[in-house]
Amino acid sequence: MIEVKEKMKKSNKLATHLKTAYAASLTDPQFKAIINNLKIKESIAMKYTSCLEETVSELKNCKACKSIFECQNKIEGYVFMPTLKNERLIFSYAPCKYTKRLAKEARENLEKNTIKITMKDIDITDKKRVKVIKELKDFYTAYGTNKEIKGLYLHGSFGCGKTFLITALLNELGKKRVRSEVVYFPELIREFKGDFETLNEKMDYYMNVDILLIDDIGAEKVTEWSRDEILGTILQNRMNKALTTFFTSNLNLSELETHLSISNNSDDAVKARRIIERINQLTDSIELISANRRK
């Protein structure tokens with residue numbers, strides 16, 4: 002009986018603390034605006050006060066930001082944003098307007114300028130890129146005798162040439178009749194949503210092409226369908242067949258796992274962790290922090 006009373010006492014104390022913290026946060030007009038836009042019950046919202054405060058802080062950073070290169074948020078170019086689903090708030094990293102603009106420009110430049118680039122076009126004067134370039138050269142040499150070697154999960158700063166470097170390798174391998182494909186992941190998901198008729202045919206190709214580069218993973222809007230049915234299926238098949246897969250991202254694997262966890266329940270966390278485990282099976286992770294070549 003005493004133990005039950007103690008638990009009730011702690012529960013009431015926690016509830017009082019949540020109400021107090023929530024009431025204090027509501028004095029901020031932007032915090033209140035987010036609550037109003039979400040149309041969420043107060044009893045639910047107060048459970049997420051600290052996360053919502055983080056969103057408010059990042060939105061304020063964005064309001065004062067004039068360029069992605071001035072970004073003050075936890076993850077450069079992204080905002081920690083909530084969405085309401087089944088009476089729960091789900092937080093994920095949404096690209097800011099500058100990230101979206103850069104992604105569009107990068108995709109357009111990739112389509113225009115990387116068709117003919119090869120490894121001889123890589124700038125080798127930047128010491129920060131030495132490790133990655135060595136990895137790519139070693140891969141090129143080894144792939145001739147071993148088709149089951151790991152790719153790279155290449156993550157790091159904006160505009161440092163992640164996609165350029167891997168595309169140069171793939172174009173070089175193309176001279177040896179190695180089939181490869183570069184897919185800009187956010188665009189791939191949009192394309193699949195609008196064209197279910199050819200979905201199975203395209204999925205089969207991406208699951209079986211010799212080398213696949215999944216470009217800019219983490220910039221897409223995550224849904225259970227895109228994560229589990231599309232990404233999970235492609236990665237599982239490529240892992241089973243030991244097919245080389247590369248990734249580029251502005252997020253490290255820990256940040257990507259958070260991005261893929263589109264709700265706070267344990268089942269969602271397990272599914273996100275499963276994707277990360279597949280990526281770990283397929284790749285070695287390398288960070289590239291270098292000068293922004295898009296400036």
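Numbering (this note's numbering), first residue to last: 2 to 296. We put the CB at the ideal spot given by N, CA and C, even for glycine. Everything numeric in this text was worked out from a predicted model, so none of it was measured.
What is the DSSP secondary structure of residue i, reduced to helix, strand or coil?
i	result
V307	No answer is possible for residue 307: it lies beyond the span of the chain, which begins at 2 and ends at 296.
K86	strand
T146	coil
E106	helix
F32	helix
F197	helix
D217	coil
V57	helix
S250	strand
G233	helix
A243	coil
T284	strand
V80	strand
G162	coil
S267	helix
Measure the CB-CB distance between residue i and residue j and report whether it falls below 8 Å.
i	j	result
I235	Y207	yes
K151	L283	yes
S68	Y99	yes
Y144	L171	no
L244	I277	no
F159	N74	no
F193	I218	no
Keeping to the same chain, check which residues put their C-beta closer than 7 Å to that of residue i; ignore five residues upstream and five downstream.
i	result
C63	V80, C97
V133	L155, L166, I287, L289
V57	D29, Q31, F32, I35
T84	I91
Name the one or two DSSP bridge partners that residue i has.
i	result
L289	G157
A95	V80
I167	DSSP, once it has assigned bridges, lists no residue as partnering I167.
I212	S181, T245
Grab me the residues of residue i's own chain with a C-beta within less than 8 Å of its C-beta, minus the 5 sequence neighbours each way, in chain order.
i	result
R228	L261, I263, K272, A273, I276
L27	K33, I36
When every heavy atom of the ligand GDP is checked, does at least one fall within less than 7 Å of the C-beta of residue i?
i	result
A169	Among the ligands in the structure shown, none appear at all, so the ligand GDP cannot be discussed.
Discussion item. For the pair the segment 176-184 and the segment 205-221, tell me if three or more CB-CB distances fall below 8 Å.
Written reply: Touching, yes.
Worksheet item: Would you call the segment 118-137 and the segment 164-177 touching, i.e. three or more CB-CB distances under 8 Å?
Response: These segments touch.
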